[in-house]
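One rule links them: number in our numbering = place in the sequence shown (from 1) + 18. This report concerns only the one structure given below.
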Amino acid sequence: MPPHDSESTVHLLRELVLHMHLMAADFSGSSGLHTTDIRALILLLDDQRGERSSSPGTLGSRLGLNTASTTALLDRLETRGFVRRERHPTDRRRVVVSVTDHAVAVGRDFFGPTIDRLTTILDGYPRRDADAVARFVGDAVAAVRER
Numbered sequence: 019m020p021p022h023d024s025e026s027t028v029h030l031l032r033e034l035v036l037h038m039h040l041m042a043a044d045f046s047g048s049s050g051l052h053t054t055d056i057r058a059l060i061l062l063l064d065d066q067r068g069e070r071s072s073s074p075g076t077l078g079s080r081l082g083l084n085t086a087s088t089t090a091l092l093d094r095l096e097t098r099g100f101v102r103r104e105r106h107p108t109d110r111r112r113v114v115v116s117v118t119d120h121a122v123a124v125g126r127d128f129f130g131p132t133i134d135r136l137t138t139i140l141d142g143y144p145r146r147d148a149d150a151v152a153r154f155v156g157d158a159v160a161a162v163r164e165r
């Protein structure tokens, strides 16, 4: 593959994001989940991987939802067995939202093969190059968050 200039690389990244979005839409169709439900699950899974807790208010804020919409979203996900709401272990006034093992398994079944292909590709790069890719993607995420 020939080297790319910076703008070409950004367009490749945009294409990757588009295909990931289309995968999420396919998952939405096959699972019967709304796209907002999927975004919520992704955020909660990221929180779990980062060993962070998430409250309904925090999740709603991150998704741009009001309180009523967040409650409806969590009700849908809880009814389907994807999340659970529990009292915070040290502050019983607070509620913590977490994903269930069922949600992890369903996500892994659908997205796992793609994750495996991407990690295999990344593992094929020399460590220095893989570190540069990780640094670029992290910086790109931060730049897009700033909008």
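Cβ coordinates follow ideal geometry from the N, Cα and C atoms, glycine included. As the structure is a prediction and not an experimental result, all values here were calculated from the model.
In terms of residue numbering, what span does the alpha helix (DSSP H) encompassing residue i cover?
i	result
Glu164	Arg145 to Glu164
Ser72	Here Ser72 belongs to no alpha helix (DSSP H), and DSSP marks it neither H nor E.
Arg126	Asp119 to Asp141
Can you pull the DSSP bridge partners for residue i?
i	result
Val35	None; Val35 has no bridge partner.
Arg80	According to DSSP, which records beta bridges pairwise, Arg80 is partnered with nothing at all.
Val101	Val117
Tell me the rounded alpha-carbon separation between residue i and residue j.
i	j	result
Asp23	Val35	19 angstroms
Glu164	Ile56	22 angstroms
Asn125	Phe100	Going by the sequence as given, residue 125 is Gly instead of Asn. If I take the Cα positions, the gap works out to 10 angstroms.
Arg94	Leu83	15 angstroms
Gly75	Arg112	10 angstroms
Arg11	Asp127	Nothing about residue 11 can be reported from this structure: the residues present for the chain run from 19 to 165 only.
Arg70	Thr27	32 angstroms
Leu51	Phe45	8 angstroms
Leu30	Glu104	41 angstroms
Val117	Leu59	7 angstroms
Val114	Gly78	13 angstroms
Ala43	Thr54	11 angstroms
Could you check where the beta strand (DSSP E) with residue i kicks off and where it finishes?
i	result
Arg94	Arg94 -> not in any beta strand (DSSP E); alpha helix (DSSP H) instead, spanning Thr85 to Thr97.
For residue i, which residues in the same chain have their Cβ closer than 7 angstroms to its Cβ, ignoring the five residues on either side in sequence?
i	result
Ala90	none
Arg102	Glu96, Ser116 and Thr118
Output needed for residue i: all residues of its chain with C-beta closer than 6 angstroms, excluding positions within five of it in sequence on either side, in chain order.
i	result
Asp65	Ser72
To which residues of the same chain is residue i closer than 8 angstroms at the C-beta, ignoring the five residues directly before and after it?
i	result
Arg80	Leu61
His120	Gly99 and Phe100
Ser48	Phe128
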